[in-house]
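The structure appears below as structure tokens.
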Amino acid sequence: MSPSAANGTAKAPQLPIDEVKIVAIETYDLRFPTSLDASGSDAMNPAGDYSAAHVRLKTNTDLVGHGIAFTIGRGNDLCTEAARQIGERLVGKTLGALTADMGRTWRYLVADSQLRWVGPEKGVVHLGLSACVNALWDLWGRYLEKPLWQLVCDMSPEEFVRCIDFRYIEDAITPAEAVALLRSMAADGKAARLADARRNEAVPAYTTQAGWLGFSDARMTELLQTSIAAGMDKFKLKVGGALADDLRRLTLARDVIGPDRVLMLDANQVWSVPEAIDVMQKFVAFKPLFIEEPTSPDDILGHAAIRKSLKPYGIGVATGEHCQNRVIFKQLLQAGAIDYCQVDACRLGGVNEVMAVLLMAKKFNVPVVPHSGGIGLNEYTQHLALLNYVCVSGQKSLLEHINSFSEVLTHPVQMENGYFLTPWETGYSVEYKPEAIAAYAYPHGTFWQSEQGQKIINGPKL
Numbered sequence: 002m003s004p005s006a007a008n009g010t011a012k013a014p015q016l017p018i019d020e021v022k023i024v025a026i027e028t029y030d031l032r033f034p035t036s037l038d039a040s041g042s043d044a045m046n047p048a049g050d051y052s053a054a055h056v057r058l059k060t061n062t063d064l065v066g067h068g069i070a071f072t073i074g075r076g077n078d079l080c081t082e083a084a085r086q087i088g089e090r091l092v093g094k095t096l097g098a099l100t101a102d103m104g105r106t107w108r109y110l111v112a113d114s115q116l117r118w119v120g121p122e123k124g125v126v127h128l129g130l131s132a133c134v135n136a137l138w139d140l141w142g143r144y145l146e147k148p149l150w151q152l153v154c155d156m157s158p159e160e161f162v163r164c165i166d167f168r169y170i171e172d173a174i175t176p177a178e179a180v181a182l183l184r185s186m187a188a189d190g191k192a193a194r195l196a197d198a199r200r201n202e203a204v205p206a207y208t209t210q211a212g213w214l215g216f217s218d219a220r221m222t223e224l225l226q227t228s229i230a231a232g233m234d235k236f237k238l239k240v241g242g243a244l245a246d247d248l249r250r251l252t253l254a255r256d257v258i259g260p261d262r263v264l265m266l267d268a269n270q271v272w273s274v275p276e277a278i279d280v281m282q283k284f285v286a287f288k289p290l291f292i293e294e295p296t297s298p299d300d301i302l303g304h305a306a307i308r309k310s311l312k313p314y315g316i317g318v319a320t321g322e323h324c325q326n327r328v329i330f331k332q333l334l335q336a337g338a339i340d341y342c343q344v345d346a347c348r349l350g351g352v353n354e355v356m357a358v359l360l361m362a363k364k365f366n367v368p369v370v371p372h373s374g375g376i377g378l379n380e381y382t383q384h385l386a387l388l389n390y391v392c393v394s395g396q397k398s399l400l401e402h403i404n405s406f407s408e409v410l411t412h413p414v415q416m417e418n419g420y421f422l423t424p425w426e427t428g429y430s431v432e433y434k435p436e437a438i439a440a441y442a443y444p445h446g447t448f449w450q451s452e453q454g455q456k457i458i459n460g461p462k463l
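The opening position of the sequence shown corresponds to residue 2 in our numbering, with each subsequent residue numbered one higher.
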């Protein structure tokens, strides 16, 4: 497909793509009270309220691009404001101009010389960027009447690579290497992988729904049994609390799921490097596939040391949900610090930067297991897992399934036989129902004005 075909041919456009103009940006601070039942609880974050800095890019047509960055409550307003300021750079631009060179557009959005001082390319400003970038890709997909994953899979290798800012990562992979890699993968079974996607056999699932640290033993057991009955055979549990509690929960979980089903663990950064090594050696008998976020997400050498120590026990190291940009991932991969690359659709700077990390992970032969623990993240990462499998790695990406508050979404993920059903709605799949926005917009939504909502607002700040 030529560049003009990739960014400018729609089945039935309202206007030519060069006449579709972004005329306004709307932002919403959405917060969902997951702290009420301890959903999302872990050793570092005991009472999060899953939240979204939500962006809408409005155009001079009836098309609207929807995007989010994911947070867990307080501070979501900061990300929402960052998204508003960054998104203003898109207002007045045409969809054709923006999508003709998405790599250039991405660099334009990160290039505000004053805003980047409070980053650069990390933290609150990068989360705000991701909401805008994700909204732009959603708008492009809606215009072309394609789901995001298909939009990317329909690109030529050259078009794929032009979406990426290679600044700071050319010492790990060059544009020429990336094109060659994608050409090789296109010739090596891409059609068969697309057929897997059409059969809903491209994205296998695991569940964390039973594993939250704040759940009682009885609730954990019930949810594990329910998941097994639904066909799930891969599970993740949170660890990092009191050692005796972790050992009890792991013993119970292994008894419920049996010796052969896959078990993964997540410490959410709570340990030092020596603690991680010591505690994980005590968990060897439970046969965990990997330990996720065993220590600070910025400690590349610490992850490498943990990986080296756990390798004789057959336990891998996974991280990525708090990796702030492609540079941190580059260093983790170059240092041989991880066994699993956990890209986050919102922590990174949207689709473009995820594409860069997928290419590096493929070059370094590290499987991708996207982070999906949040409302809307599953809907994003199903697309990332699909495009990674079909275009980049040829390996199926094991994908986390979380279903808390899925009813607030217009197109929540669907599961069948342990696989995610391939999404076919146009765009990037994250759109909130109007009634959800009315209820959960913070702080004036109807839920947050209710007695229950006020108790959370005025309660302890854990």
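Heads up, the beta-carbon is just placed ideally off N, CA and C, and yes, glycines get one too.
What you are looking at is a predicted structure, and each value in this text was computed from that prediction instead of being measured.
Quick one: grab the DSSP three-state call for residue i.
i, result
"Met186", "helix"
"Gly303", "helix"
"Met416", "strand"
"Gly428", "strand"
"Cys342", "strand"
"Arg348", "coil"
"Gly317", "strand"
"Leu130", "helix"
"Ala268", "coil"
"His323", "coil"
"Pro148", "strand"
"Val153", "helix"
"Ala53", "strand"
"Arg32", "strand"
"Thr296", "coil"
"Ser5", "Here Ser5 scores only 39 on pLDDT, less than 50, and its place in the model is too uncertain to base an answer on."
"Val111", "coil"
"Ser435", "The sequence shown places Pro at residue 435, rather than the Ser named in the question. Helix at Pro435."
"Glu27", "strand"
"Lys237", "strand"
"Leu360", "helix"
"Phe167", "coil"
"Pro289", "strand"
"Val355", "helix"
"Ala442", "strand"
Could you say which of the options lies nearest to residue i if we only look at CA atoms?
i, options, result
"Ile291", "Trp272, Pro275 and Tyr314", "It should be noted that the sequence gives Phe, not Ile, for residue 291. Taking only the C-alpha atoms, the option nearest Phe291 is Tyr314."
"Gly120", "Arg348, Leu360, Ile316 and Leu248", "Arg348"
"Gly351", "Leu334, Asn326 and Gly375", "Asn326"
"Ala268", "Pro158, Leu99 and Asp43", "Asp43"
"Trp449", "Arg32, Gln15, Thr28 and Gly259", "Arg32"
"Gly460", "Arg75, Leu64 and Pro148", "Arg75"
"Gly104", "Ser407, Glu171, Gly419 and Glu354", "Glu354"
"Gly428", "Pro148, Ile229, Ala187 and Ala305", "Pro148"
"Tyr51", "Thr62, Thr60, Asn61 and Ala39", "Ala39"
"Asp78", "Pro424, Val180 and Asp30", "Asp30"
"Leu195", "Arg255, Val180, Phe330 and Gln151", "Gln151"
"Lys283", "Ala243, Glu159, Asp139 and Val65", "Ala243"
When the Cα atoms are used, what is the spatial distance from residue i to residue j?
i, j, result
"Ile23", "Leu58", "6 angstroms"
"Gly241", "Glu202", "34 angstroms"
"Ala25", "Ile316", "49 angstroms"
"Lys123", "His323", "10 angstroms"
"Met416", "Leu422", "6 angstroms"
"Ser5", "Ala101", "Residue placement at Ser5 is flagged as unreliable, the pLDDT there being 39, under the threshold of 50; a coordinate-derived value is accordingly withheld."
"Gly83", "Glu27", "In the sequence as displayed, the identity of residue 83 is Ala instead of Gly. Cα to Cα, the separation comes out at about 12 angstroms."
"Met356", "Ile165", "7 angstroms"
"His67", "Pro260", "43 angstroms"
"Tyr109", "His445", "34 angstroms"
Who are the Cβ neighbours of residue i in its own chain at under 8 angstroms, not counting the five residues just before and after it?
i, result
"Thr95", "Ile18, Asp19, Glu20, Val21, Lys22 and Ile23"
"Ser451", "none"
"Leu253", "Asp218, Met221 and Thr222"
"Asp189", "Gly395"
Closer than 6 angstroms by C-beta to residue i: which residues in its own chain qualify, once you throw out the five before and the five after it? Chain order, please.
i, result
"Val328", "Tyr169"
"Leu333", "Ile301 and Ile339"
"Ala70", "Ala54, Cys80, Leu128, Ser131, Ala132 and Cys347"
"Asp234", "Arg262"
"Pro413", "Ser407"
"Gly375", "Tyr51 and Phe71"
Could you name the residues of the same chain whose beta carbon sits closer than 7 angstroms to that of residue i, not counting the 5 residues immediately before and after it, in chain order?
i, result
"Gly307", "Residue 307 is actually Ile in this sequence, not Gly. Cβ within range, chain order: Val274, Ala277, Ile278, Pro295, Thr296 and Val318."
**OP:** Would you mind listing the alpha helix (DSSP H) stretches within the stretch 57 to 90 that are 4+ residues and don't spill past its ends, in chain order?
**Re:** 77 to 88
Subject >> Inside the stretch 188 to 221 only - alpha helix (DSSP H) runs reaching at least 4 residues >> reply: 191 to 199
**OP:** For the stretch 365 to 424, list the alpha helix (DSSP H) runs that are entirely contained and at least 4 residues long, ordered along the chain.
**Re:** 378 to 388
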